[in-house]
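Chemist: Attaching a single structure in structure tokens format; questions to follow.
2 protein chains.
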Amino acid sequence: MAANILSYTYEEYIERVRAFHSYAAPGVLIGGFMVDMAYRHLPEKDLYDALCETPKCLPDAVQLLTPCTVGNGWLTVINLGRFALSLYNKSTGKGVRVYIDPSRLDGWPEIKSWFFKSRAKKEQDKKALLDQIGEAAGAFLGLQRVEVAGRFMERHHRGTFAVCPGCAESYPAADGALCLGCQGMDPYVP
Amino acid sequence: MAANILSYTYEEYIERVRAFHSYAAPGVLIGGFMVDMAYRHLPEKDLYDALCETPKCLPDAVQLLTPCTVGNGWLTVINLGRFALSLYNKSTGKGVRVYIDPSRLDGWPEIKSWFFKSRAKKEQDKKALLDQIGEAAGAFLGLQRVEVAGRFMERHHRGTFAVCPGCAESYPAADGALCLGCQGMDPYVP
Chain A
1 MAANILSYTY EEYIERVRAF HSYAAPGVLI GGFMVDMAYR HLPEKDLYDA
51 LCETPKCLPD AVQLLTPCTV GNGWLTVINL GRFALSLYNK STGKGVRVYI
101 DPSRLDGWPE IKSWFFKSRA KKEQDKKALL DQIGEAAGAF LGLQRVEVAG
151 RFMERHHRGT FAVCPGCAES YPAADGALCL GCQGMDPYVP
Chain B
1001 MAANILSYTY EEYIERVRAF HSYAAPGVLI GGFMVDMAYR HLPEKDLYDA
1051 LCETPKCLPD AVQLLTPCTV GNGWLTVINL GRFALSLYNK STGKGVRVYI
1101 DPSRLDGWPE IKSWFFKSRA KKEQDKKALL DQIGEAAGAF LGLQRVEVAG
1151 RFMERHHRGT FAVCPGCAES YPAADGALCL GCQGMDPYVP
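This is the structure:
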């Protein structure tokens, strides 16, 4: 029987992942054990923020299991291409980082081949992979104490707003005479 | 009585926002009407992706009401400082953009003063603001047809992975001899 993920059984967590992420992605399932491990090792159960080092999968594990979401600003997502996340005290930056330790994956062949993409997706045994993630229950994870750099703790207040003479929408006046979209960063075909 | 937000009443949606976002943020509530309007005007009910032009609040409305999340890659968040979102066809990029139209806010003084931050937070009447958002039901929103630029539709496949000689973690080999973290982008105090 698999270990719990915070207050959920592994099976309950899989259902929550399906509902939110649309499918039981191995990365979100492993992410659940990562959040669980980080949470258990937090220096204090105070207010904490979260940081994911990849946009893939991990942000959804954090958003499902903690109060931290992208939209409330308590979760920061950067892309270092590393499968790692941190929970840290909002005021001090001190916290814990959990990562996949490749040197501990040898006992978990399905997880290892998924993680290193060494097998074509259609040759993966999805059920065996999910079972192995539940059995391992994070046995291949590493944990570090970290202190998040100050730039991730600054609260960026938006200052005053203006109406952009280009698009007639509201934007942070500090961005300049036009909003960033009208300055050329618009994500749409003109 | 307020209009519905997709299949939810306004009151039901407020409860869902509280559970996910931790509090009934006006921006996520308005975001609900924005997603609802975008969804009703989608050219076709095909597979679509989402884009938010601000990380504030809107990503949570999208994640609560659509299958698009940050972690599954169907939601892109950029920061143009504009309170706008788009839903668009995954293959063609064609879709709709919904934004707050400042010229239509005059009938909604609580929303206008919240949006332009023209009143100190402690002087806001939170209940009046939430009621007005429900009454307005998106009456102050604008809608545009858009085509999202190709760079937001490319699927970035990660290629092969390597073990970083710096941190001994796995990273995309295309990033170089070391992972981006060990190249100096590490978010932690050394």
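If you're matching them up, the sequences are chains A and B in order. Position one of the first sequence corresponds to residue 1 (the numbering used here), numbered consecutively onward. Position one of the second sequence corresponds to residue 1001 (the numbering used here), numbered consecutively onward. Beta carbons: idealized from backbone N, C-alpha and C, even for Gly.
Our contact map puts D46 of chain A next to H21 of chain A with C-beta atoms below 8 Å; I'd like the distance itself, whole angstroms only.
Modeler: Against the first sequence, residue 46 of chain A aligns to sequence position 46. Against the first sequence, residue 21 of chain A aligns to sequence position 21. Their Cβ separation, rounded to whole angstroms, is 28 Å, which puts D46 of chain A and H21 of chain A out of contact at 8 Å.
Chemist: Who are the near neighbours of S113 of chain A in its chain, counting only those whose CB is closer than 6 Å to its CB and skipping five residues on each side?
Modeler: To locate residue 113 of chain A, count along the first sequence from 1; it is residue 113. Excluding residues within five positions, the ones whose Cβ falls inside 6 Å are R119.
Chemist: Mind pulling the chain B residues with CB within less than 7 Å of P59 of chain A?
Modeler: Counting from one through the first sequence, the residue named residue 59 of chain A turns up at place 59. Those within 7 Å of P59 of chain A in chain B are V1070, G1071.
Chemist: Could you check whether L1075 of chain B and A1050 of chain B sit closer than 8 Å to each other, using their CB atoms as the reference points?
Modeler: Mapped onto the second sequence, residue 1050 of chain B falls at position 50. Mapped onto the second sequence, residue 1075 of chain B falls at position 75. The answer is yes: Cβ separation under 8 Å.
Chemist: Which ranges does the alpha helix (DSSP H) cover as unbroken runs of at least 4 residues, wholly within the region 1121–1188 of chain B, from first to last along the chain?
Modeler: Correct list: 1126–1136.
Chemist: Closer than 8 Å, CB to CB, is S170 of chain A near chain B or not?
Modeler: For this step, residue 170 of chain A is matched to residue 170 along the first sequence. So, interface residue.
Chemist: Look at the alpha carbon of P67 of chain A and the alpha carbon of L42 of chain A, and state the distance between them as a whole number of angstroms.
Modeler: One-based indexing of the first sequence puts residue 67 of chain A at position 67. One-based indexing of the first sequence puts residue 42 of chain A at position 42. Their backbone Cα atoms lie some 15 Å apart in a straight line.
Chemist: Skipping 5 residues on each side, what residues in its chain have a beta carbon closer than 7 Å to that of T69 of chain A?
Modeler: Here the question's residue 69 of chain A lines up with position 69 in the first sequence. Counting only Cβ-Cβ distances below 7 Å, and skipping sequence neighbours, we find Q63, L75.
Chemist: Closest by CA to R145 of chain A, which one among A:G166, A:G138, A:E135, A:V98?
Modeler: For the purposes of this step, residue 145 of chain A is identified with residue 145 of the first sequence, where counting begins at 1. The shortest Cα separation from R145 of chain A among A:G166, A:G138, A:E135, A:V98 belongs to A:V98.
Chemist: Between the alpha carbons of K1126 of chain B and C1182 of chain B, how many angstroms are there, rounded?
Modeler: Taking the first residue of the second sequence as position 1, residue 1126 of chain B is located at position 126. Taking the first residue of the second sequence as position 1, residue 1182 of chain B is located at position 182. Their Cα atoms are separated by approximately 46 Å.
Chemist: Note down, in chain order, all residues in the region 17–45 of chain A with a beta-carbon under 9 Å from any beta-carbon belonging to chain B.
Modeler: Flagged, chain order: F20, H21, S22, Y23, A25, G27, V28, G31.
Chemist: In the structure shown, what three-state DSSP assignment does R97 of chain A receive?
Modeler: Translated into the one-based positions of the first sequence, residue 97 of chain A becomes position 97. Reduced to three states, the DSSP call for R97 of chain A is strand.
Chemist: Considering Cα atoms alone, identify which of A:C57, A:G159, A:L58, A:A149 is closest to P1190 of chain B.
Modeler: Counting from 1 along the second sequence, the entry for residue 1190 of chain B is found at position 190. Comparing Cα positions, the closest option is A:A149.
Chemist: Would you say S1103 of chain B reaches chain A, if we count a Cβ-Cβ gap shorter than 8 Å as a contact?
Modeler: Residue numbering aside, residue 1103 of chain B sits at position 103 when the second sequence is read from its first letter. Cβ-Cβ to chain A under 8 Å: yes for S1103 of chain B.
Chemist: Can you pull the chain B neighbours of A177 of chain A, defined as C-beta to C-beta under 9 Å?
Modeler: Here the question's residue 177 of chain A lines up with position 177 in the first sequence. By Cβ distance, chain B contributes nothing, its closest Cβ being about 14 Å from A177 of chain A, past 9 Å.
Chemist: Indicate whether at least one CB of chain D lies closer than 8 Å to the CB of L87 of chain A.
Modeler: Looking at the structure shown, chain D is missing, and the protein chains on hand are A and B.
Chemist: Please report how far the alpha carbon of T207 of chain A lies from the alpha carbon of E154 of chain A, in whole angstroms.
Modeler: Residue coverage of chain A in this structure runs from 1 to 190, which leaves residue 207 of chain A outside it and unanswerable.
Chemist: Between Y8 of chain A and chain B, is any beta-carbon pair separated by less than 8 Å?
Modeler: Position 8 of the first sequence, counted from the first residue, corresponds to residue 8 of chain A. No - not a single Cβ of chain B is within 8 Å of the one on Y8 of chain A.
Chemist: Identify each residue in the region 1131–1156 of chain B for which the Cβ-Cβ distance to at least one residue of chain A is less than 7 Å, and report them in chain order.
Modeler: So the close ones are V1146, E1147, V1148, A1149, F1152.
Chemist: The alpha helix (DSSP H) spanning Y1048 of chain B covers which residue range?
Modeler: Here residue 1048 of chain B refers to the residue found at position 48 when the second sequence is read from its first residue. Y1048 of chain B -> not in any alpha helix (DSSP H); beta strand (DSSP E) instead, spanning 1048–1052.
Chemist: In the structure shown, what three-state DSSP assignment does I30 of chain A receive?
Modeler: The residue labelled residue 30 of chain A in the question sits at position 30 within the first sequence. Correct three-state label for I30 of chain A: helix.
Chemist: Between I1005 of chain B and chain A, is there a C-beta pair that is closer than 8 Å?
Modeler: Taking the first residue of the second sequence as 1, we reach residue 1005 of chain B at position 5. For I1005 of chain B, the answer is no, since every Cβ of chain A falls outside 8 Å of its Cβ.
Chemist: Over the uninterrupted alpha helix (DSSP H) stretch that includes L1064 of chain B, give me the two end residues.
Modeler: Against the second sequence, residue 1064 of chain B aligns to sequence position 64. 1058–1065 is the span of the alpha helix (DSSP H), which, as asked, contains L1064 of chain B.
Chemist: When the Cα of D101 of chain A is compared with those of A:N89, A:G95, A:K90, A:F115, which residue comes out closest?
Modeler: For the purposes of this step, residue 101 of chain A is taken as residue 101 along the first sequence, with counting starting at 1. Of the listed residues, the one whose Cα sits closest to D101 of chain A is A:F115.
Chemist: Report yes or no: is there a C-beta of chain B within less than 8 Å of the C-beta of L80 of chain A?
Modeler: For this step, residue 80 of chain A is matched to residue 80 along the first sequence. So, interface residue.
Chemist: Please check if any C-beta of chain B sits within less than 8 Å of the C-beta of L47 of chain A.
Modeler: Numbered from its first residue, the first sequence carries residue 47 of chain A at position 47. So no, L47 of chain A is outside the interface.
Chemist: Can the beta-carbon of D1036 of chain B be found less than 8 Å from the beta-carbon of G1134 of chain B?
Modeler: Taking the first residue of the second sequence as position 1, residue 1036 of chain B is located at position 36. Taking the first residue of the second sequence as position 1, residue 1134 of chain B is located at position 134. Not in contact: D1036 of chain B and G1134 of chain B (Cβ atoms no closer than 8 Å).
Chemist: If you measure from the beta carbon of G1184 of chain B to each beta carbon in chain A, is any gap under 8 Å?
Modeler: Along the second sequence, one-based indexing puts residue 1184 of chain B at 184. Not an interface residue.
Chemist: Going by DSSP in three states, S86 of chain A sits in which element: helix, strand or coil?
Modeler: In the first sequence, residue 86 of chain A corresponds to position 86, counting from 1. Reduced to three states, the DSSP call for S86 of chain A is strand.
Chemist: Checking contacts by CB at 8 Å: is V77 of chain A closer than that to chain B?
Modeler: As a working note, residue 77 of chain A is residue 77 in the first sequence. Closer than 8 Å: yes.
Chemist: Quick one: what does DSSP say V1077 of chain B is sitting in, helix, strand or coil?
Modeler: Within the second sequence, numbered from 1, the residue matching residue 1077 of chain B stands at position 77. Strand, per DSSP.
Chemist: Would you mind stating whether C191 of chain A and L1080 of chain B have Cβ atoms separated by less than 8 Å?
Modeler: Residue 191 of chain A is absent from the model: chain A starts at 1 and stops at 190.
Chemist: Answer with yes or no whether the minimum CB distance from G1181 of chain B to chain A is below 8 Å.
Modeler: Here residue 1181 of chain B refers to the residue found at position 181 when the second sequence is read from its first residue. Output row for G1181 of chain B: interface = yes.
Chemist: Using only the alpha-carbon positions, how far apart do F1083 of chain B and Y39 of chain A sit?
Modeler: Within the second sequence, numbered from 1, the residue matching residue 1083 of chain B stands at position 83. Within the first sequence, numbered from 1, the residue matching residue 39 of chain A stands at position 39. Using only the alpha carbons, I get a separation of about 33 Å.
Chemist: In three-state DSSP terms, what is Y10 of chain A?
Modeler: The residue given as residue 10 of chain A occupies position 10 in the first sequence. Y10 of chain A: helix per DSSP, three-state reduction.
Chemist: On the DSSP bridge list, what partners appear for I1005 of chain B?
Modeler: For the purposes of this step, residue 1005 of chain B is taken as the residue at position 5 of the second sequence. DSSP lists B:Y1008 as partners of I1005 of chain B.
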